[in-house]
Structures are given as structure tokens and as C-alpha cells.
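J.: Below is one structure. I have some questions about it.
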Amino acid sequence: MEFLSALKILSRYGVIPTGAYLAAGRLEEAEAAAARGLALATTDNARAYHVPLGRLRAEALALQGKGPPSEAALLDWGRLIELATELSMRPEIAHCSLGLGKLYGRLGDRGAAGEWLTTAVTMYREMAMGFWLEKAEAALEQMD
């Protein structure tokens with residue numbers, strides 16, 4: 117019963133549909149679902165949902181080539197990491213580190229990109245998150 121309750125809550129704020137849209141390459145729908153979820157999470161003061169929804173929205177925007185200017189995007193990722201750290205959301209910290217590393221890579225800052233990607237690799241390895249570890253390692257290898 118706990119699993120179904122968690123699934124219902126995640127669906128309420130749109131984390132699962134947003135992730136599904138993103139995985140399916142339906143980027144505009146992912147962005148819209150994340151925006152709806154963020155609005156509802158803000159209304160409900162459900163702060164923990166801001167991290168995954170913000171991260172998924174940022175990923176959808178990046179893949180569409182849209183989103184805030186680079187400085188604003190860096191600040192957005194930084195805020196997500198701060199909130200995830202405050203709420204002890206280690207997997208989300210790793211996911212945000214991966215996203216931030218990729219963003220720095222796109223901006224041409226190889227040093228910062230390498231640092232954030234290394235952080236993601238280390239965290240994924242410590243948490244035995246093999247699927248994500250492979251993605252982070254591949255992004256880090258692209259920096260070489």
C-alpha cells in the first residue's frame with residue numbers, strides 16, 4: 117500500500133508524467149507538466165517536489181535549446197542543488213550535478229564541467245546507481 121500512496125503523490129505533482137514525457141522526447145509536454153507540477157507544489161508548500169520538477173524542466177528546456185540565459189540557468193541549477201542538499205536528497209543532488217556539469221560543458225567551461233561531472237560520478241558510484249553512473253561517466257569522457 118505504501119508504494120501506491122507514493123505513486124499517487126508523485127503523480128499528483130507530475131514528477132512521473134514529466135519524466136515519462138522527457139524520456140519519450142516529448143519535450144514541450146515535459147516542460148508544461150513540470151510547470152504545472154511546480155505551481156501546485158508551490159501552492160501546497162511541497163518543497164521537495166521543486167527539486168525533481170525543476171531539474172526535469174531544466175533538462176527539457178536545454179534539450180529544446182530554450183530556457184533562461186546561461187547565468188540564470190546556472191543560478192537555477194545552483195538553487196536546486198541547495199534545496200536538495202537542505203532536504204538530504206542525495207540522488208537529486210547527483211542528478212543536478214550531472215545537469216550542471218552538462219550546462220558548463222555547453223558553455224565551454226571545461227574546468228567547472230569536469231568538477232560537477234566528477235561529483236555526479238562519485239555520488240552515483242557511492243549510491244550504486246549504475247544506470248546514471250554510466251550517463252555521468254559518458255558525459256565526463258566527452259570532456260576529454
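The sequence shown maps to residues 117 to 260 in our numbering. Each residue gets a CB set at the ideal place from its N, CA and C atoms; glycine is no exception. Just so we're clear, the structure is a prediction, and the values are computed from it rather than from any experiment.
(1) Taking C-beta to C-beta, are alanine 174 and glycine 221 nearer than 8 Å?
(2) At what residue ranges does the stretch 174–207 contain a whole run of the alpha helix (DSSP H), taking only runs of 4 or more?
(3) Ignore the nearest five residues each way along the sequence and tell me which others in alanine 164's own chain have a CB closer than 6 Å to its CB.
(4) When the Cα atoms are used, what is the spatial distance from alanine 236 to aspartate 160?
(5) Methionine 245 lies in the alpha helix (DSSP H); which residues open and close that run?
(6) Considering only their Cβ atoms, is the gap separating arginine 195 from methionine 243 smaller than 8 Å?
(7) Along the alpha helix (DSSP H) that carries glycine 135, what are the first and last residues, could you check?
(8) Can you give the Cα-Cα distance for alanine 150 and glycine 130, rounded to whole angstroms?
(9) Straight-line CA distance for glutamate 250 to leucine 219?
(10) Excluding the 5 residues flanking tryptophan 248 on each side, which residues of the same chain have their C-beta closer than 6 Å to its C-beta?
(11) With DSSP as the reference, label glycine 224 as helix, strand or coil.
(12) For isoleucine 209, which residues of its own chain have a beta-carbon under 7 Å away from its beta-carbon, when the five flanking residues on both sides are left out?
(13) According to DSSP, simplified to helix, strand and coil, what is alanine 148?
(14) In or out: leucine 256 buried (at least 16 other Cβ within 10 Å) or exposed?
T.: Result, derived from the coordinates:
(1) Here residue 174 is taken as the residue at index 58 of the sequence shown, counted from 1. Here residue 221 is taken as the residue at index 105 of the sequence shown, counted from 1. No. Outside cutoff.
(2) Taken in chain order, the complete alpha helix (DSSP H) segments of 4 or more residues contained in the stretch 174–207 are 186–202.
(3) By 1-based counting over the sequence shown, the position of residue 164 is 48. Leu203.
(4) Along the sequence shown, read from residue 1 onward, the residue named residue 236 stands at position 120. Along the sequence shown, read from residue 1 onward, the residue named residue 160 stands at position 44. Taking the straight line joining both Cα atoms gives about 30 Å.
(5) Here the question's residue 245 lines up with position 129 in the sequence shown. Here methionine 245 belongs to no alpha helix (DSSP H), and DSSP marks it neither H nor E.
(6) The residue labelled residue 243 in the question sits at position 127 within the sequence shown. The residue labelled residue 195 in the question sits at position 79 within the sequence shown. Taking 8 Å as the Cβ cut-off, methionine 243 and arginine 195 do not qualify as a contacting pair.
(7) One-based indexing of the sequence shown puts residue 135 at position 19. Counting along the chain, the alpha helix (DSSP H) containing glycine 135 begins and ends at 131–139.
(8) On the sequence shown, residue 150 is found 34 positions in, with the first residue counted as 1. On the sequence shown, residue 130 is found 14 positions in, with the first residue counted as 1. Rounded to the nearest angstrom, the two C-alpha atoms are 6 Å apart.
(9) The residue labelled residue 250 in the question sits at position 134 within the sequence shown. The residue labelled residue 219 in the question sits at position 103 within the sequence shown. Cα to Cα, glutamate 250 sits roughly 18 Å from leucine 219.
(10) Position 132 of the sequence shown, counted from the first residue, corresponds to residue 248. Hits under 6 Å: Tyr240.
(11) Translated into the one-based positions of the sequence shown, residue 224 becomes position 108. It is coil, neither helix nor strand.
(12) For the purposes of this step, residue 209 is identified with residue 93 of the sequence shown, where counting begins at 1. Hits under 7 Å: Ile197, Ala200, Thr201 and Met239.
(13) Here residue 148 is taken as the residue at index 32 of the sequence shown, counted from 1. If DSSP states are grouped into helix, strand and coil, alanine 148 belongs with the helices.
(14) Counting from one through the sequence shown, the residue named residue 256 turns up at place 140. Burial call: buried.
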